[in-house]
Amino acid sequence: MNKTIILLLSIFSSISCKTSGIEILVENGVLIQNAQIISPENQTVSTDSFVAVDGDEIVYVGEERPNLKGSFTTIDAKGKYIIPGLIDSHVHVTGTDALSDEEELQNPEIVKSFREQLPKSYLYFGYTTLIDLGTAKPERLVDFQKAEIRPDLFYVGGGAVIGNGYGLSNWNDEIPNFIYQESKAYPIPEKFIKENHSPKAVAKRIARSGAIALKTYYEPGFDPTQPRFPTPSEALMEEMKTEAHKNNLVLVVHGNSLEAHQFLGKAKVDIVAHGLWNWANHRLDSTNAVPEEIKQALDVEIENKVGYMPTLQVINGLRELTDSDYLNNTELENVLPKNLIEYYKANSDVMYASVFGDAPKNIISNNFNRISNQGKINLKYMFDHGGHILFGTDTPSSPTFGNPPGYNGYLEMLEMEKAGVPLSKILAMATIENAKAFNLDQFYGTVESGKKANLLILNKNPLQDITAYNDIEQVIINGIPLDRKTFSAQKGTE
Ligand SMILES: [Zn+2]
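Using my numbering, you'd call the opening residue of the sequence shown number 253 and step up by one each time.
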């Protein structure tokens with residue numbers, strides 16, 4: 253099409269809009285004009301389009317200019333791209349990253365500045381919806397919800413830990429929703445009433461708390477020299493799935509080992525919350541091939557349409573403890589308060605030792621690079637064979653400074669691209685596919701009328717360039733357009 257025709261068409265369409273525009277009454281509106289809207293479902297880009305928002309809802313999307321009546325502001329998005337706000341379906345918004353309860357008590361100023369910054373850090377990188385996959389301190393979810401401007405937060409509440417299993421060793425912790433499993437080796441202490449800890453009772457309680465999913469665990473332990481943690485039997489897992497579904501809860505299960513993925517694929521759980529990076533007796537070699545036994549486990553998950561969250565940053569985040577230079581990355585200044593970065597710098601050796609003891613850093617670094625590559629190679633296999641991959645980072649996954657809020661999502665995306673996942677798939681996973689997997693697609697995941705007005709205005713096309721996710725012009729959260737820089741932790745210290 254030549255320029256004259258485009259010009260004529262645009263004059264024609266603007267004339268026709270003026271005369272026959274769709275009238276929409278708004279109270280507190282936003283009109284985005286000249287937008288290039290990207291559909292995460294079919295990767296189409298509609299040019300010169302309009303998005304109208306009223307309150308926290310999208311009320312119009314189309315190529316004709318709507319005639320807004322009432323109070324509204326206009327954003328000219330010429331040359332920019334509109335996508336739905338991103339969804340990270342595996343975070344833990346509780347605690348101060350990597351600080352123990354004791355350290356938090358000793359450093360109230362750091363805790364305060366971190367909590368104030370936390371919701372903004374997610375928004376800074378475009379994450380407008382978060383799913384918290386388990387906390388031992390549900391009051392922290394309430395704290396997060398108090399922030400005036402914050403991502404929408406969904407949760408599983410307290411995890412449905414297997415009695416005396418991973419997360420509940422020796423009944424040390426108060427975990428209200430643990431699940432009782434009959435076993436001579438692990439008798440339930442008398443203070444607990446057995447009936448309150450059946451899958452039926454737990455699923456009901458979790459649903460009543462407003463949760464959207466039931467999170468349980470298949471974790472025999474990370475250290476083969478230690479006794480195994482109890483894991484759920486097939487019958488118990490089946491019962492948990494039935495009770496979760498009866499209560500409209502998605503069944504999400506922690507698991508990252510070959511054994512866990514074999515078990516969970518066969519059990520047809522809804523979602524496994526981690527990738528299969530722990531290859532048991534297998535090791536990635538120079539051929540970069542996925543071992544046959546690993547392939548079989550992945551094939552069962554693919555066949556049974558089990559959701560698979562690669563969570564590549566879990567391993568990378570731990571590896572960063574070996575890198576003394578990591579804390580000089582200027583990107584951290586946007587998502588972490590200065591006093592926390594200083595604290596990390598002063599304590600990085602102690603933090604390393606508390607996780608890895610006196611193991612030499614170069615050996616840990618090499619091992620974790622290999623494990624990270626095992627995760628990436630499996631992700632590529634899942635993608636190539638039509639696996640149901642979901643976007644979740646597990647931020648923060650362990651006591652490390654290597655999973656900074658918000659930025660960790662961007663790093664996870666970079667890793668996915670490195671693994672060979674196309675940009676169109678990355679966008680779909682972090683939006684509509686996450687929304688569908690957690691039954692949130694009525695209000696989230698696409699730019700459509702009737703959905704929540706959580707939108708990103710990007711300076712680059714994310715279908716062509718992954719760095720578009722770090723080139724956000726504005727974040728529209730609950731219908732309120734805000735410049736990205738207002739969310740930076742550097743604001744106020746400039
Ligand atoms: Zn997690």
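We put the beta carbon where it would ideally sit given N, CA and C, even for glycine.
Residues near residue i in its chain [Cβ-Cβ closer than 6 Å; skip 5 each side]
i: ILE523; result: VAL504 and GLY559
i: TYR418; result: TYR469, GLU471 and PHE481
i: ASP689; result: Rather than Asp, the amino acid found at residue 689 in this sequence is Ala. Closer than 6 Å at the Cβ level, and outside the excluded window around ALA689, lie GLY559 and LEU642.
i: PRO484; result: ILE414
i: GLN369; result: PRO589 and ALA741
i: THR380; result: GLY337, PRO403, ASN706 and ILE729
i: LYS712; result: ALA720 and ASP723
i: VAL673; result: PHE635
i: TYR407; result: ASP384, LEU393 and ALA463
i: VAL602; result: none
i: ALA465; result: VAL408, LEU501, VAL502 and VAL504
i: ASN319; result: GLY273 and GLU275
i: SER266; result: Confidence at SER266 is low in this model, with a pLDDT of 42, below 50, so the placement of that residue should be treated as unreliable; the coordinate-derived value is given next. Here the set comprises nothing.
i: THR477; result: none
i: TYR765; result: With the chain running from 253 to 746 in the structure shown, residue 765 is simply not present.
Neighbourhood of residue i by C-beta, 8 Å cutoff - its chain only, sequence neighbours within 5 removed
i: ARG480; result: PRO472 and GLY473
i: GLN397; result: LEU405
i: GLU309; result: GLY702, LYS703, LYS704, ALA705 and GLY731
i: SER600; result: LEU573, SER576, LEU579 and PHE653
i: GLU675; result: Correcting the residue type first, residue 675 is Leu in the shown sequence and not Glu. Closer than 8 Å at the Cβ level, and outside the excluded window around LEU675, lie GLU669, PRO714, LEU715, GLN716, ASP717 and ILE718.
i: THR296; result: ILE290
i: ASN619; result: none
i: LYS547; result: TYR633
i: ASP646; result: HIS342, VAL343, HIS344, LEU385, ALA525, HIS526, MET561, THR563, GLN565, VAL566 and ASN655
i: ALA453; result: GLU447
Cβ-Cβ separation, residue j to residue i (assumed contact under 8 Å), whole Å
i: VAL699; j: ILE289; result: 5 Å
i: ALA463; j: GLY409; result: 4 Å
i: ILE327; j: PRO733; result: 6 Å
i: LEU488; j: GLN565; result: Wrong, their Cβ atoms sit about 30 Å apart, outside the cutoff.
i: PRO562; j: GLY661; result: 13 Å between Cβ atoms; not a contact.
i: ASN556; j: LYS520; result: 5 Å
i: ASN691; j: VAL502; result: 7 Å
i: GLU491; j: PRO451; result: 5 Å
i: ALA287; j: LYS332; result: 7 Å
i: LEU510; j: ARG622; result: Not quite, the Cβ-Cβ distance comes to about 15 Å (not below 8 Å), so this is no contact.
i: GLY411; j: LYS467; result: 5 Å
i: PRO292; j: GLY697; result: 7 Å
Cutoff 7 Å; reference residue i; Cβ partners in own chain excluding five residues on either side
i: ASP693; result: ILE684 and ALA687
i: HIS513; result: GLY507, VAL524, LEU528, ALA549 and GLU553
i: PHE264; result: Legend: pLDDT at PHE264 = 41, less than 50; position of this residue unreliable, value from coordinates given subsequently. No residues qualify anywhere along the chain.
i: MET681; result: ILE641, LEU642 and PHE643
i: LEU516; result: TYR470, VAL505, GLY507, VAL524 and VAL558
i: LEU277; result: LYS321 and GLY322
i: THR710; result: Strictly speaking, residue 710 in this sequence is Leu, with Thr absent from that position. Same-chain partners within the cutoff: LYS332, TYR333, ILE335, ALA720, ASP723, ILE724 and GLU725.
i: LYS330; result: ASN286
i: PHE324; result: VAL278, GLY281, VAL282 and LEU283
i: ASN625; result: LEU536
Cβ-heavy atom distance, residue i to ligand 2, below 7 Å
i: LEU405; result: Ligands displayed in this structure: ligand 1; ligand 2 is not among them.
Can you check the stretch 360–418 for any alpha helix (DSSP H) of at least 4 residues that lies completely inside it and give the ranges in chain order?
-> 360–376 and 391–398
Pick out every residue whose C-beta is nearer than 7 Å to a heavy atom of ligand 1: which are they, in chain order?
-> HIS342, HIS344, LEU385, GLY386, HIS506, ALA525, ASP646 and SER649
Stretch-stretch touch, CB-based, cutoff 8 Å, three pairs: the stretch 328–342 with the stretch 577–594 | no
Using 8 Å as the Cβ pair cut-off and three pairs as the minimum, do the stretch 567–576 and the stretch 630–637 touch?
-> No, they do not touch.
Sequence ranges, alpha helix (DSSP H) only - wholly within the stretch 660–706, length at least 4 | 675–680 and 686–689
Given 8 Å, three or more beta-carbon pairs between the stretch 361–380 and the stretch 396–403 | yes
Inspect the CB distances between the stretch 648–656 and the stretch 342–361 and report whether three or more fall short of 8 Å.
-> yes
Could you say if the stretch 540–550 and the stretch 595–612 meet the contact criterion of at least three C-beta pairs nearer than 8 Å?
-> no
Would you call the stretch 433–442 and the stretch 723–742 in contact, with 3 or more CB pairs under 8 Å?
-> no
Below 8 Å, can you find three or more Cβ-Cβ pairs linking the stretch 358–365 to the stretch 310–325?
-> no
Are there three or more Cβ pairs, one per stretch, closer than 8 Å when the stretch 663–678 is compared with the stretch 574–582?
-> no
Can you list, in chain order, the stretches of the alpha helix (DSSP H) that have 4 or more residues and sit fully within the stretch 433–520?
-> 451–460, 486–498 and 510–518
Beta strand (DSSP E) runs contained entirely in the stretch 570–604, provided each spans 3 or more residues = none
Taking only runs that begin and end inside the stretch 331–365, name each unbroken beta strand (DSSP E) of 3 or more residues, in chain order.
-> Complete beta strand (DSSP E) runs here, min 3: 333–336 and 338–343.
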